[in-house]
Structure formats: C-alpha cells, structure tokens
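Okay, structure first, notes after.
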Amino acid sequence: MSLVGTATIAAAETAEDKIARAMSAAPSDISDDATIMDVDGTILREGSNGWVCLPGIGLIPGDQHPMCNDAVWMKWMAAAGSGSAFSTDVVGVSYMLMGDAMVNNDNPMAMDPNDGGVWVQEGPHTMMLFPNMDMLADLPRDPFAGGPYVMWGETPLAHVMLPVEAKTAP
C-alpha cells in the first residue's frame, strides 16, 4: 500500500466547538447570553448581557483556555494586546473556570519558564481589576500563598487572581 500523495488533514475547529468552549469559562447565567468572540475578533454569536466570552486567549498564541470578560476586562485585553496604558475607574471581572496557561506572575512579557521568575498555571479562577491599586497593597504577590493574590503587580496590567482550587508550588 502506497501512502505517496496521501495526507491526513485535521478538520478545522467549528464555530460551534469554539462557542461551546468559550461558554465553559463562566457560569451559564453569564455565558448563555454573552457575545462569543473568536480570538481574532470575529463575532461567533451576538449576545445581550454585555459580557464577551472567548474560546482562547489571543495574547498567548495557540492558547485555548476560555475566558468571559465584562467591558472593563475587554478594554484591559485591548490594552495588553497593543502594549498601551490601561486604567479604569470601576471594578472589572473576568471568569476563567477552565483554568489558564503557564505565565510569569511578575512579568506579562516573559516567555521562558526557566528565567528564574515565579511561574504559575492557575486552575479555575476569576480575576478582578481595581481602579486604585493601593487597595491591593496587603494582598500577596505570591501565587502559592493560598487565596487571592496580585498578578503583574508592578505593571499597568496588575489584577487580582481569585483561585477556586488549591495548588502547590513547583
């Protein structure tokens, strides 16, 4: 049997697959009526409640950890993607109930997990943005301290991580 000229082509992921994964990021009372947007900005389904769910994180190429964001977090995502400044005068909320990719807790631009930084792969969690980072002064920066912690605390992209499950330091 000759395999010359034979190729196996993986089927592309369907819009329905992406929608289902995006909706898994938040409780159904949010995701059922949320706009579903692909990581490239394509609207896969219009929503009506002001939330936007994505099947992955466009800031991390190939990442398929879904997230659901309020309007404040969508502005944060745009700022993070463009490298521009971010600020808010209201609290912002994001859900990532399917977990997250491995990231450096101190440096959002870090790419090498062997760089000596504190790297963490969070399980199910929510995230919050605050208008005044001074409010977070007493929260730990250590993702392994237990409970909420600040990620990227010394950058304009600082936010609070609220883990749902315990984790152990590497």
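Residue 133 in my numbering is what sits at position 133 of the sequence shown, and the numbering runs on without skipping anything. Just so you know, even glycine gets a beta-carbon here, dropped at the ideal spot from N, CA and C.
Within the same chain, Val72, Pro131 come within 7 Å of Val90 by CB-CB distance, once the 5 residues on both sides are set aside. Shown here, Val72 sits in a helix according to DSSP, grouped into three states. Distance check between Tyr149 and each of Met161, Ala26, Asp138 places Met161 closest, using alpha-carbon atoms only.
Sorting Asp32, Lys75, Thr42 by C-alpha distance to the C-alpha of Ala15 places Thr42 at the top. In this structure, DSSP gives Gly81 a helical state, which the three-state scheme calls helix. Beyond the five residues adjoining it in sequence on each side, Gly58 comes within less than 6 Å, by CB distance, of Val39 in the same chain, given in chain order.
Per DSSP, the unbroken beta strand (DSSP E) holding Met102 starts and ends at 102-104.
Within the stretch 83-170, the beta strand (DSSP E) runs of at least 3 residues that lie entirely inside it are, in chain order, 92-96, 102-104, 119-121, 125-129, 149-151, 159-163. Inter-residue distance for Phe144 and Gly123 is about 12 Å (C-alpha atoms, whole angstroms). Contact fails between the stretch 72-82 and the stretch 25-33, because fewer than three Cβ pairs, one in each stretch, are under 8 Å apart. Between the C-alpha atoms of Ser24 and Gln64 there is a straight-line separation of about 12 Å.
In the DSSP annotation of this structure, the continuous segment of the beta strand (DSSP E) that includes Ile36 starts and ends at 35-37. With a threshold of 16 other beta carbon atoms within 10 Å, Pro113 falls short and is exposed. Ala85 is a Cβ neighbour of Ala79, given a cutoff of 8 Å.
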